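In our numbering, the protein residues as written are 9 to 282. Beta carbons: idealized from backbone N, C-alpha and C, even for Gly. Note that this is a predicted model, so its numbers are computed, not measured.
1) What's the C-alpha gap between residue 90 and residue 239?
2) Cα-Cα, which of 214, 258, 221 is closest to residue 161?
3) Strictly by DSSP, which residues pair up with residue 52?
4) Would you call the segment 45 to 53 and the segment 248 to 268 touching, i.e. three or more CB-CB distances under 8 Å?
5) Which residue's Cα is closest to the Cα of residue 79: 271, 217, 273, 258?
6) Look up residue 226 in the DSSP assignment and say whether it is helix, strand or coil.
7) Going by C-alpha distance, which of 229, 224, 171 is nearest residue 212?
8) Give the straight-line distance between the Cα atoms of residue 104 and residue 117, rounded to the nearest whole angstrom.
9) Would you grab the beta carbon distance between residue 243 and residue 227 for me? Rounded to a whole angstrom, and I think it's under 8 Å.
10) Measuring only the C-alpha atoms, how far is residue 156 from residue 231?
11) Could you tell me which of 113, 130, 138, 132 sits nearest to residue 234, measuring between CA atoms?
12) When we look at the beta-carbon of residue 145 and count the other beta-carbons within 10 Å, is it buried (16 or more) or exposed?
13) Determine, using beta-carbon pairs with one atom in the segment 66 to 76 and one in the segment 50 to 58, whether at least three such pairs fall under 8 Å.
14) Please say whether residue 215 and residue 97 have beta carbons closer to each other than 7 Å?
15) Rounded to the nearest angstrom, what separates residue 127 and residue 120 at their Cα positions?
16) How many whole angstroms separate the CB atoms of residue 61 and residue 250, which I take to be in contact at a CB cut-off of 8 Å?
17) Taking C-alpha atoms, which residue in 271, 87, 218 lies nearest to residue 237?
18) Can you give me the Cβ contacts of residue 229 inside the same chain, cut-off strictly under 6 Å, excluding the 5 residues immediately before and after it?
19) Do residue 112 and residue 174 have their CB atoms nearer than 7 Å?
20) Alpha carbon to alpha carbon, how far is residue 186 from residue 202? Give it in angstroms, no decimals.
21) What runs of the alpha helix (DSSP H), each 4 residues or longer, lie entirely inside the segment 58 to 138?
22) With DSSP as the reference, label residue 237 as helix, strand or coil.
23) Any idea if residue 165 is buried or exposed, counting beta-carbon neighbours within 10 angstroms, 16 or more meaning buried?
24) Is the Cβ-Cβ distance between residue 100 and residue 169 less than 7 Å?
25) Taking 7 Å as the limit between beta carbons, can you name the residues of its chain near residue 52, skipping five residues before and five after?
26) Check residue 193 in the structure and name its three-state DSSP category.
27) Please report the residue range of the alpha helix (DSSP H) in which residue 178 lies.
28) Can the beta-carbon of residue 219 be found closer than 7 Å to that of residue 125?
29) Here's a check: name, in chain order, each residue in its chain whose Cβ is nearer than 7 Å to the Cβ of residue 176, leaving out the five neighbours to either side.
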């Protein structure tokens with residue numbers, strides 16, 4: 009009995025091969041389902057279509073890549089989307105980082121209400137937020153346009169950045185900052201040399217999330233844009249007469265830039281961790 013005890017204790021339960029295979033197949037099916045529309049978009053950017061409708065494959069061509077400026081309104085819409093995204097991300101990253109630091113580091117009166125307000129902004133439908141912002145701008149006599157779109161994008165992206173940074177702050181080792189202060193570092197030096205590098209992955213992740221939310225937003229932008237046209241709004245208008253292949257190319261470029269930034273961030277984080 010004593011000899012069989014260690015043997016039985018040392019035995020490991022065999023892994024379910026069929027379960028592992030089913031899980032892998034399931035994961036690959038989900039990934040294929042998610043990336044199939046993106047693959048179709050990329051492929052149809054090379055479609056040699058002869059009509060305004062770009063829904064059937066008619067041959068391979070590269071000519072559309074050299075004719076991105078064929079639709080001036082589309083170029084203006086893409087430029088507006090990029091400017092709105094960059095400005096809103098810059099403002100949101102600064103404000104969201106400060107909010108995340110305050111919520112993750114300090115305890116103050118009204119903290120619970122602040123958390124509730126942030127999660128309410130995330131969970132509320134875009135239709136409600138867009139309609140409420142439009143009512144606010146009309147009541148205040150503010151003309152809708154580029155500035156109101158930026159304000160709207162900052163408001164709905166702020167909670168995502170703050171929550172992302174707060175999660176990073178909560179998991180941070182406070183003793184490292186205490187050691188820096190014990191060694192004579194000022195609060196400003198401690199923040200920039202110790203705190204900020206430690207929360208930088210969270211800040212970058214929040215900024216990327218805010219950029220992605222801003223660049224493809226349609227509902228809230230539709231309510232607050234006025235005469236300003238963005239890339240999603242232009243696509244919505246173009247669907248009535250047919251989308252040109254240039255739309256697929258611009259979407260491919262935006263997707264490629266996002267993937268490149270995400271890969272660069274992951275590589276940098278891995279190198280910093282090692």
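Taking the definition as stated:
1) Numbered from 1 along the chain shown, position 82 holds the residue referred to as residue 90. Numbered from 1 along the chain shown, position 231 holds the residue referred to as residue 239. Between residue 90 and residue 239, the C-alpha separation is close to 9 Å.
2) Here residue 161 is taken as the residue at index 153 of the chain shown, counted from 1. When only C-alpha atoms are compared, the closest one is 221.
3) Counting from one through the chain shown, the residue named residue 52 turns up at place 44. Its beta-bridge partners do not exist; DSSP assigns none.
4) yes
5) Your numbering for residue 79 matches position 71 in the chain shown. The shortest Cα separation from residue 79 among 271, 217, 273, 258 belongs to 258.
6) Residue numbering aside, residue 226 sits at position 218 when the chain shown is read from its first letter. If DSSP states are grouped into helix, strand and coil, residue 226 belongs with coil.
7) What you label residue 212 is simply residue 204 of the chain shown in a count that begins at 1. Cα-wise, what sits closest to residue 212 is 171.
8) Working through the chain shown from its first residue, we reach residue 104 at position 96. Working through the chain shown from its first residue, we reach residue 117 at position 109. Roughly 19 Å between the two C-alpha positions.
9) What you label residue 243 is simply residue 235 of the chain shown in a count that begins at 1. What you label residue 227 is simply residue 219 of the chain shown in a count that begins at 1. So it is not a contact: roughly 14 Å between Cβ atoms.
10) Here the question's residue 156 lines up with position 148 in the chain shown. Here the question's residue 231 lines up with position 223 in the chain shown. Using only the alpha carbons, I get a separation of about 10 Å.
11) The count along the chain shown starts at 1 and reaches residue 234 at position 226. When only C-alpha atoms are compared, the closest one is 138.
12) Numbered from 1 along the chain shown, position 137 holds the residue referred to as residue 145. Under this definition residue 145 is a buried residue.
13) yes
14) Walking along the chain shown from the start, residue 97 turns up at place 89. Walking along the chain shown from the start, residue 215 turns up at place 207. The answer is yes: Cβ separation under 7 Å.
15) Along the chain shown, read from residue 1 onward, the residue named residue 127 stands at position 119. Along the chain shown, read from residue 1 onward, the residue named residue 120 stands at position 112. So the alpha carbons of these two residues sit roughly 11 Å apart.
16) Numbered from its first residue, the chain shown carries residue 61 at position 53. Numbered from its first residue, the chain shown carries residue 250 at position 242. Contact flag correct, Cβ pair sits at about 4 Å.
17) If you number the chain shown from 1, residue 237 lands on position 229. Nearest option by C-alpha distance: 87.
18) As a position in the chain shown, residue 229 is number 221, starting the count at 1. Only 157, 238 meet the Cβ criterion.
19) Numbered from its first residue, the chain shown carries residue 112 at position 104. Numbered from its first residue, the chain shown carries residue 174 at position 166. A contact, by the Cβ cut-off of 7 Å.
20) Here residue 202 refers to the residue found at position 194 when the chain shown is read from its first residue. Here residue 186 refers to the residue found at position 178 when the chain shown is read from its first residue. So the alpha carbons of these two residues sit roughly 10 Å apart.
21) 80 to 113, 119 to 131
22) Along the chain shown, read from residue 1 onward, the residue named residue 237 stands at position 229. In the structure shown, residue 237 sits in coil (DSSP, three-state: anything other than H, G, I, E or B).
23) If you number the chain shown from 1, residue 165 lands on position 157. Residue 165 comes out buried.
24) Translated into positions along the chain shown, residue 100 becomes position 92. Translated into positions along the chain shown, residue 169 becomes position 161. Cβ distance < 7 Å, so residue 100 and residue 169 count as in contact.
25) Position 44 of the chain shown, counting from 1, holds the residue named residue 52. Result list for residue 52: 62, 253, 256, in chain order.
26) In the chain shown, the residue the question calls residue 193 occupies position 185. If DSSP states are grouped into helix, strand and coil, residue 193 belongs with coil.
27) Against the chain shown, residue 178 aligns to sequence position 170. From DSSP, the alpha helix (DSSP H) with residue 178 extends over 154 to 178.
28) Within the chain shown, the letter at position 211 stands for residue 219. Within the chain shown, the letter at position 117 stands for residue 125. The answer is no: Cβ separation not under 7 Å.
29) Counting from one through the chain shown, the residue named residue 176 turns up at place 168. So the list reads 207, 209, 210, once near-sequence residues are dropped.
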